[in-house]
Amino acid sequence: MRYSGWKVLAQGLRGNTGWAPAWRDPAPKAAYDAVIIGGGGHGLATAYYLAKNHGLTNIAVLEKGYLGSGNIGRNTTIVRANYFLPGNSEFYSHSLKLWEGLEAELNYNVMHSQRGLINLFHSDGQRDAFARRGNAMINQGDDAVLLDREGVRELLPYLDYDNTRFPIYGGLLHPRGGTARHDAVAWGYARAADRRGVDLIQNCEVTGIDVVDGRVTGVQTTRGAIRARKVGMVVAGRSSQVAAMAGLRLPIESHVLQAFVTEGLKPVIDHVISFGMGHFYISQSDKGGLVFGGDLDFYASYAARGNLPMVEHVMEAGMTLMPMIGRARVLRSWGGIMDMTPDGSPIIDRTPVAGLFVDAGWNYGGFKAVPASGWCMAHLMATGESHPVAARFRLDRFATGHLLDEEGTGSQHNLH
Amino acid sequence: MRIDGKGRIDRTRPVTFTFDGRPYAGYRGDTLASALIANDVRVVGRSFKYHRPRGILTAGSEEPNALVEVVGPANQTPNTRATVQELFEGLVARSQNRWPSLSLDLLEVNDLAAPFLSAGFYYKTFMWPRRFWEGIYEPLIRRAAGLGRLSGKHDEGVYEKAWAHCDLLVIGAGPAGLMAALVAARAGADVILCDESAEMGGRLLSDEGQIDGMPAADWTAAVLAELASLPNLRLMPRTTVTGAYDDGTYGALERVGLHRSPRPNLPRECFWRIVAKRSILAAGALERGIAFQDNDRPGVMLAGSLATYLNRYGVSPGKRVALFANNGSVRATARSLKAAGVEVVAILDSRPDAPDEPGIPVHKGATVLRARGRMGLHSLSFAHEGRVHALEVDCLGVSGGWNPAVHLTCHRNGRPRWSDELAAFVPMEGAVPGMRVAGAAAGSFSTHACLASGAEAARESLAALGRDGGALDLPRAEDAPYRIAPLWTVPGKGRAWLDFANDVTVKDVTLAAQEGFRSVEHMKRYTTQGMAPDQGKSSNVAALAVLADATGRGIPETGTTTFRPPYTPVSIAAMGAGGRGAGFAPQRFLTSDQASRDRAAPMVEAGLWYRPSYFPKPQETTWREACDREVRMVRETVGVSDVSTLGKIDVQGPDAARFLDFVYSNTMSTLPVGKVRYGLMLREDGHVLDDGTCARLGAQHWLITTTTAAAGLVMRHLDFVHQAFCAGWQLRFVSVTEAWAQFAIAGPQARALVASALGRAPELGFMGCAPVTVQGVAGRLFRISFSGEEGYELAVPTRFGEALFRDLVARAETMGGGPYGMEALNVLRIEKGFITHAEIHGRVTAFDIGMEKMVSGKKDCIGKAAAMRPGMQGAARAQMVGLKPLSDDVITAGAHLFAQGVDLGRETSAGYVTSVGYSPTLHSHLALGFLANGRARHGETVRLVDRLRGVDVLCTVTSPVFHDPKGEKLRA
Amino acid sequence: MRLTCPLCGPRDRREFYYYGAAVYLDRPAADAPPEAWDEYLHLRDNPAGVTQDLWYHEQGCGSWLKVTRNTVTHEILAVDAVSAADAAEEAR
C-alpha cells in the first residue's frame, strides 16, 4: 500500500478501516541467506539496502523486543554531517545525502528537517578548531558557514549575550544539519524492507551464534535455530554481549546517555544549537517539546537510566546559555545505552569469524548514521568488502593505531 | 458554583484574579481551577490536535485539560495546571493553544477534518514536493502544535537548589503517609514528609468520613500538629518528589513562591536532592476515566475530583450531576453532593450487581453512550437494560477505577504487576531498594487499610534502621472493600477519548493495532498516547486495555510503558538553579587580576581562569597595535606576564626521581639539583598528554609545571600512576598551583629587572633554578623562557602576588618595558615554534611534533608502548611545520593546507593550521600547522586555504622555529 | 548515585571521576606484545552485570578506588582503595 495525501483522504472517508499493516509478522524460517541481529535503525536499514541494492531478499532481521526499541527510539534526533577527520567526513556526508532523499526512498515521512545546526564557540581557540572543521566540511563538498557573534545573534536572539559564563564568540552553521522524527526512521525502513520481502521477526532474541571451523553457520534464538551463512551483528547497546556469543571481545564500553524533553510549547527554537563549553544541545520537535541533552553520565551502565548530577549539569548549561527556557518544564528524561569506542568512531567490519560481520560502536552519534550505516553494512555483507566511505571503520584500527579520534581525547572509552 | 458552608478556603480573605482578561473573585485557599468553577467558567482550554473546547477534568497535578499561561510582571509561565496553581491576589491567567480566542478557535476546523487526521497520518503524507517540508508543511505543523508559549525573554526568576538528608523520606501525606510519618517520628527517626499539595492530608481533606470517631479532617489536623511539634520531623508541603535515583537519592520540587505575588528574592521553586536511608511511597492512587463518545466535553470530570472540589474548595462544577462508574468509589461523593444541596440525578453503575443508594436513583448495568454540549455538557444518553435514555445534566463524574501511583517504583527500572482484583497495576515490592509502598499506592484503598499499611511500612523501615516502632493502636476508620468490574470503553460509533491532552481516541489505538503497531511502545509512539504533559496518568491503563483487546492479548501480556522521571514536570530553571550567568562554572582570578583591570586590560577566559589579553596604551586603537608593541617590548627591552595559571605540582620523596622518569617520556632522574628540564608526558595510548617543566629543588624535591588546561588532568593522572602501579614507592605530591604566584620576566633587560627586584643580580645559567628572597619574602627563581628571550620566572607565595606584579611592572616601565598579555605571549611563542594545546590537541604524537627523541629508549614510560603502533608514526602522518606567507595577506588558524596545483577537496587536504600571529619581529604573518610528511617539505610552497573566510595564500613551509633558531638569546 | 569512599565515607557521585574498567590496573610489561596492549587499552568484557571499575575521589581525598558494582542495577557491592585493593579482596 503506497502512502500519499490522496490515500489519507480516501481512507479517511472510509473510516480508516482499509489501512494495511505496515509490516508482516512472519514466523522465522529455518534458514536464510543472511540474518541481521538487531531490529533497530541500523539493522533495519541494513536489511533494506541488502534487499534493494544487492537483491538479497531471503533475509531476516531478528529483534529481541519490538522494532526500533533501542537507541533509534530514544535519541535527540539530530542529523548532521560536520566531521573533521577523513574517514568520518565522507561517511557522514554520504549519510546526509541519503537522508535528503529518504522520504521518497521509503515512501514514509520521516520528517527530515534541515533547519540548520549551529555549534557555538566561546574562545579564539574554539573558533579556530571549528573553522578547521568547517573547512573540512566544505572540502568534503558539504556546507558550513562561520558566524561571528552578531551573526549568531541574528539567528538566535534569545541567547544570553551579556552575562553567560563563557561569552559567545560565534558559531559554525551547518545549514543542511537538522533533525528527523526518530521512530519514523525505524518504521520507514521496516516497512520498506518488509515490502521487499525481508522477514522482520520481533520478540526473537538471539541466544547463540553457531560457528563451525571458524565460519558462522547460523544463530540460536528464543524462537528456534536459524541457519545462515552470513550474520550481521547490528546491536549497538548490546554489542559486547552478542559478540561474546561468537567468542569475540570488542573495544567497547557501554555508557548511559540521558536526554530530556519538555512539555509542548509554541515554536521558540528554530535550529539545532550546540553549546561549546558545557555539553548541551537543544532543538524543538515539531510537536513543540524542547528536546535536549548533554554528556554521558560517565560510568559504565546498561540501566538505560541516569542520575541527577548530569541532569542538573545539563539544565545549568541551558540556563547559562539561554535562560529563556527556564520556565519550560521537563516532562520526561530517559537514558540510552551507548557503545563507546576508544576513539569515538564506529566499527563496520568483518570479524575473525568468517561470515560474521559487525556494525557497532556508534558512541552517541548513531542516529544520523543510520542510512549510511545500513548502506555500508549491506555492502559489506553482500560483497565481503568494505564500502569505500566506511573503509576506515576497521575493527583492528586500535591495535594498529590508525585512529579516528575527532575529539582528541584518547583511548578512554567514555571521553568521546 | 460556590457551595455555602463547605470547603477549607478562607472566606474572610477574598482574592481577585483575571482569566483571559476578565476579572473574577475567589478566596485564599482556592486553586485557580476551583475559583474558575466557582465562577461557572466551563471552558478553560483547547485540546492539542483537534482544538476541542475543554473543561477541568481533575483536581490534581494529573490534569490534562486545564493548562494555562500564568502571566507575571516580567515573564509568563506556560502549561501551568490550573488545578495546582493556588490563587493569589492579582493572579493573571490566560488560556493557551487557541486563536483568536478561547471561545472562537479557528483551528477547531481540525475537529471536522478528524477522519483525515487519524493516528500517524503525518507519516503518510506531506512528502511531496520534498522542498515543501521545511518551507510550508513543517512551519504550519509547528505553529498548530505546541501548547503554551515561552516569552523568549530571559527567565529572571529566582530559583534554588538544596540538599537534605534523613533516615526516612515519606512521600505523600494522605492517611498512609501521615500514619507512617507519625510512627517513625515518634520512634525518633529523622523523617521528612513531603506532599505535593499546599495542605497536607491528601484525600482525608476531601473525605467526609470519620477517624477515631472524629471527622477525618480533624484527625488530620491533630496529627499534623503533633508532627509539626517534633524536632526530628520536617514537613515539606508543596513539594513533589519527582524522581527516585540510585542509592537513596530522590529529586523533589518545592513550589516556594508560585502561590503568591512575585517578590524580589523570593524563590519561585527549589529543587531538592534528598538523600534518605529508607523511604515510604504513600502517593495514593489516581482515578481514571471510561471512554465513550465525546467524553471530553467540558463538564465531564473524574468523579473523585467532585468530592475534592466540594469538600476542600466549597464548589460544585454542576447543579445537576450524574455519576458514571464501574466501582463503588463514587458513592460517598454522591452522598456529599446531595447533602450539600447539589441535585444528583443518577448513578449509572456499570456493575449489574451494584448496590442501591438511598435517595439517589441507581441504574445498574448502565453505560453512558454519549455526552452532548460542545462548550459545556448539557445532556447525555445512556444505555440501560437494552434501551437508550437521555439525561439532562451539566456535570458528569466518571470513575473507571483507581490506579495506584506506582510511578516512583518504576524509576529504577522496576515493572509494576497487574492485579486482576483491582484491575490496575500495583508496585513490585523492592523495585527501589530501601523503598516501601503503603496505602493506596500499594493498592490498599480503604482508610483503615491505608492507616494500617502506613504504620506497618514505618515499622519495617524503622527495623531496617535499627529502631523500634513501638506499639500503637491503629485509629478506627472505614474499611469498605473496593469492588470493580473493569470497563474501559463503551462501544459506539463516534470518537471516544483516552488521552485528552494529546487527543488520542479509542479508534487511534485500534488503528495502531490494525497497522501492526501492536507492541505497547509502538502504540504509544504511533498514537502519542501518554506523551502529553500529563504523561497519560489518567489514560494509559485504559489505552493499554484497548490495545490488549484489539490484539487479543491480556493486559499483563501486553505490558505497560515505562514511567520515568520526573513524576510531574519540573522547570529547567529549578533543576538548573545556580547555572544562570556566571554561576555555570567557577571563576578563577589571578592575584594580578585587579592590577590588570586597572590598566584597562581586556580579560579573557582561559579555561576557568581570566587572563589579560593585552594592556592597551591610550593612543592605541586596535588590539594588534598593543600586541605588536608588547612583542617588540619583550624582544627589545623587558616584559612581565602573570603565568600563575600554569599547574604546579610539588613532588617529594626518595622515589620521586624514579616516578618522574616513569611519567615523563624523557629522563628526569639525571637532572642535577638547581636545574630545570623541559618534559613531555604521554597518555598511555601514546599521544601527547601535556608538556611543562620539571625543576629539581633538592635531591628528593621537585616542582613540576603543567599547562593551564591540563593542570587537573595531570594531577589525576599522576595520582593514578602512583596509586595503581607504584603505591609502594616512597613519594608524595600535592598540587601547589594556588599556593604560588609566578611571573615571567622576559627580554634583553630581564636580568636587570630581576636584579632590581631582588636587590642583587641573579646568578643562574639557562635552565637553572634557585631559592631567592624577594624583598624579604622567600621565593623561587627559575631561568626558563616561553618567549625565546632571556627569561626568568619569579614565584612568591600567593598572598604577595599582586604586590610583586605591581612592583615588577613599575620597575619594568622605568626600563622601557611593561606588562604583556596573552596575545603577545602567543606571538612570542609562535615565533619560537613553542607548542600549546592548539598543537598538542590530543591526536598528536611526539613524532608529529618532532620530539620523538624525547621518548627515551632506555626506560619504560607511560605511553611508550602504544606510541610504537604502526599508525602512530611515519611520513603519512601530519607533522608540525612553520608556515610563512609569501605575501602580506592575513592567514587564519583553521585553514587547510594543499599542495599547489591540486583541486581542493577532502582527499587533497594535506594538513591544517593550528596557530597564527603577526610577527612584528619578522614583519610577517606566521603560522604553525601540521602537514603530511611536513619535515621533509621545508622550503616547499603550499596553499593555505580557509574557504569559510575566503583566505587563499601561498606559504613557504619552514621549520617551526622562526626566530633565533639556535637559541642564542635564551642562553645569553 | 553514592559511593562510600574508604577514607571519606558515603559521598555523592559528583565528587568522583570515572576512568574505566579495572583492567587498567593490569598494565602489561614494557616488552609485552602489541596484543597485550590492545587488550589493556581497548578490548573490554563490558559485562551487563557485576563489573569492577576505577573511580577517583577527585573532589575529596584523591584516592583512586576500585568499585565493584552492577552495571544493570547500579548496585554498589564494594569500594576499595586501589593502592590497597588486593589486600582487601584477599581479606573478603
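Chains as they are written, first to last, in the working numbering: chain V, 22 to 437; chain Y, 4 to 975; chain X, 130 to 221. Note that the Cβ used here is the ideal one computed from N, Cα and C, for glycine as well. Bear in mind the structure is a predicted one, so any value in this text is a computation, not a measurement.
Beta-bridge pairing of residue i - partner residues as DSSP gives them
| i | result |
| --- | --- |
| Ser-918(Y) | Leu-931(Y) |
| Met-182(Y) | Answer is none; Met-182(Y) lacks a bridge partner. |
| Asp-653(Y) | Leu-706(Y) and Val-737(Y) |
Neighbouring residues, chain X, relative to residue i (Cβ below 7 Å)
| i | result |
| --- | --- |
| Phe-728(Y) | Arg-156 |
| Phe-587(Y) | Going along chain X, no residue has its Cβ under 7 Å from Phe-587(Y), so there is no contact; the nearest lies around 15 Å. |
| Glu-687(Y) | Leu-170 |
| Ala-420(V) | Pro-163 and Asp-167 |
Nearest-angstrom Cα separation, counted from residue j out to residue i
| i | j | result |
| --- | --- | --- |
| Leu-683(Y) | Gly-429(V) | 17 Å |
| Val-523(Y) | Thr-565(Y) | 10 Å |
| Ser-322(V) | Ala-177(X) | 8 Å |
| Leu-119(V) | Val-440(Y) | 51 Å |
| Ser-319(Y) | Ala-117(Y) | 33 Å |
| Leu-475(Y) | Cys-134(X) | 39 Å |
| Val-945(Y) | Cys-190(X) | 52 Å |
| Leu-951(Y) | Leu-167(V) | 6 Å |
| Thr-243(Y) | Leu-329(V) | 16 Å |
| Gln-32(V) | Leu-176(V) | 41 Å |
| Arg-632(Y) | Pro-923(Y) | 8 Å |
| Arg-237(Y) | Ala-231(Y) | 7 Å |
| Ala-841(Y) | Gly-64(V) | 39 Å |
| Ile-174(Y) | Ala-460(Y) | 12 Å |
| Thr-412(Y) | Pro-430(Y) | 6 Å |
Exposed unless 16 or more other CB atoms sit within 10 angstroms - verdict on residue i
| i | result |
| --- | --- |
| Gln-597(Y) | exposed |
| Arg-259(V) | buried |
| Met-4(Y) | exposed |
| Glu-432(Y) | exposed |
| Asp-356(Y) | exposed |
| Met-340(V) | buried |
| Gln-538(Y) | buried |
9 Å Cβ cut-off: residues of chain X touching residue i
| i | result |
| --- | --- |
| Thr-252(Y) | Met-130, Arg-131, Asp-141 and Arg-142 |
Interface partners of residue i on chain Y, CB under 7 Å
| i | result |
| --- | --- |
| Glu-124(V) | Met-130 and Arg-133 |
| Pro-288(V) | Arg-145, Arg-146 and Gly-149 |
| Tyr-146(X) | Arg-719 |
| Val-196(X) | Per Cβ cutoff of 7 Å: no residues; Val-196(X) is ~12 Å from chain Y at best. |
| Trp-120(V) | Simply none; closest approach about 11 Å. |
Neighbouring residues, chain Y, relative to residue i (Cβ below 9 Å)
| i | result |
| --- | --- |
| Phe-187(V) | Phe-587, Ala-588 and Glu-608 |
| Val-208(X) | Ordered by position in chain Y, no residue passes the 9 Å Cβ test against Val-208(X), which lies about 12 Å from the chain. |
| Ala-159(X) | Lys-862, Asp-863, Cys-864, Lys-867 and Ala-868 |
Listed by chain order, chain V residues near residue i by CB distance under 8 Å
| i | result |
| --- | --- |
| Pro-56(Y) | Per Cβ cutoff of 8 Å: no residues; Pro-56(Y) is ~18 Å from chain V at best. |
| His-899(Y) | Arg-153, Asn-156, Ala-157 and Asn-160 |
Closer than 8 Å at the beta carbon, the chain X residues around residue i
| i | result |
| --- | --- |
| Leu-271(V) | Leu-172, Arg-173 and Asn-175 |
| Tyr-248(Y) | Met-130 |
Chain-ordered chain V contacts of residue i [CB-CB under 7 Å]
| i | result |
| --- | --- |
| Glu-524(Y) | Tyr-87 and Ser-90 |
Problem set entry | the region 904 to 916 of chain Y in contact with the region 612 to 632 of chain Y per 3-pair CB rule at 8 Å | No, the region 904 to 916 of chain Y is not in contact with the region 612 to 632 of chain Y.
For this session: State whether the region 348 to 360 of chain V contacts the region 567 to 577 of chain Y, with contact taken as three or more CB pairs (one from each stretch) at a distance under 8 Å.
Result: Enough Cβ pairs lie closer than 8 Å, so yes.
Exercise. How do the region 6 to 19 of chain Y and the region 311 to 331 of chain Y stand: do at least 3 beta-carbon pairs fall below 8 Å, yes or no?
Worked result: They touch, by the three-pair rule.
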